[in-house]
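Participant: First the structure, which I've put down as structure tokens, then a few questions once you've had a look.
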Amino acid sequence: MTTTNDFIPLPHYQEYPIAEMQQRAAEFYAHIRHRRTVRDFSPRPVPRDIIENCLLAAGTAPNGANLQPWHFVVISDPAIKKEIREKAEKEEQAFYSGKAPEEWLEALAPLGTDAHKPFLEIAPYLIVVFAQSYGKTAENQKIKHYYVQESVGIATGFLIAALHHAGLVTLTHTPSPMGFLNEICGRPAWERPFLILVTGYPAENVQVPNISKKPLAEIATFL
Ligand code: IYR
């Protein structure tokens, strides 16, 4: 197979004066630092085009060889949400009542989580993120994918930031194991459920854990 290189001048790049960059960096931090994972959602509906734009933003993420090894299934159908809740709660019950090691349960204690997952039915959208271990051509031939976990993790980060920017809240939910999601979402066996992004408005008077983020000196080293 021959490949032709098709290059174009970097489109839309804009350099800002230093002072403006400093302000923009500070403003972005001030905005993103107020993102909080929420576990109580309002049932209020959210227009679909908002989700569509956030998914388009996620799809711009850097990824292995630009093979874009992800697929997003957006669920708003109450019957499907109910089925996901039932299956997820079954897994979570096993997790919280024996499967999870004591040390893990202790780490989770400050978050106040348990096997009860009403948000899976209440929130207007469940976005199930799938990671494609490999792709398929129209002729059903396998296409090798690279850095799948990294790529899908970055795209999910973009998605979470986009939804926050739009004014919505999310919960990254990872029932384990999540194999049941393939059948419910109609996705093939070579796609692995990565996580469920529960998305919507927060419930009125919602409370979140009083937790803090590590200071810069702890998370970064400048050499
Ligand atoms: N999947 C379980 C447990 C859980 C695990 C981690 I790590 C968290 O940060 C939060 C929850 C649940 O959803 O309850």
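Take the numbering used here: the final residue in the sequence shown is number 224, and no numbers are missing along the way.
Just so it is clear, CB atoms sit at the ideal spot from N, CA and C, and this is done for glycine as well.
Could you have a look at R25 and say whether DSSP puts it in helix, strand or coil?
Facilitator: Correct three-state label for R25: helix.
Participant: When you compare the CB positions of G158 and R40, do they come within less than 9 Å of one another, or not?
Facilitator: For G158 and R40, no; Cβs fall outside 9 Å.
Participant: Any idea if F223 is buried or exposed, counting beta-carbon neighbours within 10 angstroms, 16 or more meaning buried?
Facilitator: F223 should be labelled exposed.
Participant: What is the DSSP secondary structure of P203, reduced to helix, strand or coil?
Facilitator: If DSSP states are grouped into helix, strand and coil, P203 belongs with the strands.
Participant: On the criterion of 16 or more Cβ atoms from any shown chain inside 10 Å, does A163 qualify as buried, or is it exposed?
Facilitator: The residue is buried, with at least 16 neighbouring Cβ atoms inside 10 Å.
Participant: Near I155, what residues of its chain come up, given a Cβ to Cβ distance below 8 Å and the 5 sequence neighbours on each side ignored?
Facilitator: Cβ within range, chain order: A62, P63 and N64.
Participant: Less than 9 Å between the C-beta atoms of I51 and L127, yes or no?
Facilitator: In this structure, L127 does not lie closer than 9 Å to I51 by Cβ.
Participant: Under 8 Å, with one C-beta from each stretch per pair, do the stretch 186–197 and the stretch 21–41 reach the 3-pair mark?
Facilitator: They do not touch, by the three-pair rule.
Participant: For the ligand IYR, is there any heavy atom lying closer than 8 Å to the beta carbon of A116?
Facilitator: Result yes, Cβ under 8 Å from the ligand IYR.
Participant: Which class does R193 belong to by DSSP, given the choice of helix, strand or coil?
Facilitator: Looking at R193 - three-state DSSP - the assignment turns out to be strand.
Participant: Reducing DSSP to helix, strand and coil, say where G60 ends up.
Facilitator: G60 falls in the coil class under three-state DSSP.
Participant: Shorter than 8 Å, the distance from the beta carbon of Y97 to the closest heavy atom of the ligand IYR, or not?
Facilitator: Indeed, a heavy atom of the ligand IYR lies less than 8 Å from the Cβ.
Participant: Is the closest heavy atom of the ligand HEM to the C-beta of E93 under 8 Å?
Facilitator: Questions concerning the ligand HEM fall outside what the structure shown contains, since the ligands it does hold are the ligand IYR.
Participant: From Q15, A59, P79 and K145, pick the residue whose C-alpha is nearest to that of F73; which is it?
Facilitator: The shortest Cα separation from F73 among Q15, A59, P79 and K145 belongs to A59.
Participant: Just mark T138 as buried or exposed, buried being the case when its beta carbon has 16 or more other beta carbons within 10 Å.
Facilitator: T138 should be labelled exposed.
Participant: Specify the secondary structure class of V170 as computed by DSSP and reduced to three states.
Facilitator: Of the three classes helix, strand and coil, the one that applies to V170 here is strand, per DSSP.
Participant: Evaluate F42 with the Cβ neighbour count: other Cβ atoms within 10 Å of its Cβ, from every protein chain shown; 16 or more gives buried, anything less gives exposed.
Facilitator: Buried, because 16 or more other Cβ atoms sit within 10 Å of the Cβ of F42.
Participant: Would you kindly report the start and end of the unbroken beta strand (DSSP E) that includes F73?
Facilitator: Unbroken beta strand (DSSP E) run through F73: W71 to I76.
Participant: With DSSP as the reference, identify every bridge partner of F42, one or two as the case may be.
Facilitator: The partner list for F42 (beta bridge, DSSP) reads P203.
Participant: Could you tell me which uninterrupted beta strand (DSSP E) segments, each at least 3 residues in length, are contained entirely in the stretch 64–132, listed from first to last along the chain?
Facilitator: Fully enclosed beta strand (DSSP E) runs of 3 or longer: 71–76.
Participant: Exposed or buried, which one is P44 when buried takes at least 16 other CB atoms within 10 Å?
Facilitator: Exposed, because fewer than 16 other Cβ atoms sit within 10 Å of the Cβ of P44.
Participant: Look at A116 and Y97 and say whether their C-beta atoms are less than 9 Å apart.
Facilitator: Contact flag set, yes.
Participant: Give me the DSSP bridge partner(s) of K137.
Facilitator: K137 is bridged to K143.
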